[in-house]
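Working notes for the structure below.
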Amino acid sequence: GWTGLNSVKHIPTYLNSKNIDLAQWQEADSLATDINRATGDRRPQAMRSGTSEYLIYHPNAASAGSSPSLNKKKAAGIRLNLTAASGTFNVEWFRASDGLTQSGGTVSGGASRDFTAPWTGQDVVLYIKK
């Protein structure tokens with residue numbers, strides 16, 4: 007899942023601010039897909055802590071490989087399978103480029119849900135917590 011993301015300047019600070027230790031989390035890539043069907047290096051990467059917390063990194067890449075570029079025309083779109091998760095979750099977006107956060111309101115578990123980042127042309131982290 008998150009190999010190399012700890013080197014993205016603002017991500018470790020964000021994870022620390024939420025008391026998230028990814029070593030205690032499970033890989034959950036099968037639960038997250040790109041709404042626009044991006045695959046390979048361009049698809050979202052997901053981690054979970056049980057069924058109470060989810061972190062999804064979306065590279066929002068126009069191209070993949072050793073020199074990826076951001077898709078400047080689109081906002082990242084994530085479909086997250088919350089079928090096994092009951093209850094209400096707080097939704098927060100994190101912008102990797104500068105550390106800005108923005109609330110995404112709440113969402114109910116029990117089904118797949120679609121999320122669209124509030125920013126166009128950015129790689130993002132979606133954090134959902136019961």
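Here the sequence shown is numbered in the numbering used here, starting from 7 and rising by one per residue. All C-beta atoms, glycine included, are put in the ideal place defined by N, C-alpha and C.
- prompt: alpha helix (DSSP H) containing PRO18: first to last residue?
  reply: 17-23
query: If LEU61 and TYR133 are in contact, beta carbons under 8 angstroms, what's the gap, nearest whole angstrom?
result: 6 angstroms
message: Tell me the rounded alpha-carbon separation between LYS136 and LYS24.
response: 13 angstroms
query: Distance, Cα to Cα, THR126 vs PHE100?
result: 13 angstroms
Nearest candidate by alpha-carbon position, reference GLU33, set LEU21, ALA81 and GLY56: GLY56
message: What would DSSP say about SER58, mapped onto helix, strand or coil?
response: coil
Exposure label - ARG48; buried when at least 16 CB within 10 Å: buried
query: What do you get for GLN108, buried or exposed, if any count of 16 or more other CB atoms within 10 angstroms of its CB means buried?
result: exposed
message: What would DSSP say about LEU106, mapped onto helix, strand or coil?
response: coil
- prompt: Counting along the chain, where does the beta strand (DSSP E) carrying TRP6 start and finish?
  reply: Here the chain comprises residues numbered 7 to 136, so residue 6 is not present and cannot be evaluated.
field: For GLY83 and THR45, believed in contact at Cβ under 8 angstroms, the rounded distance
entry: With 8 angstroms as the limit, THR45 and GLY83 do not qualify as a contact, their Cβ atoms being about 14 angstroms apart.
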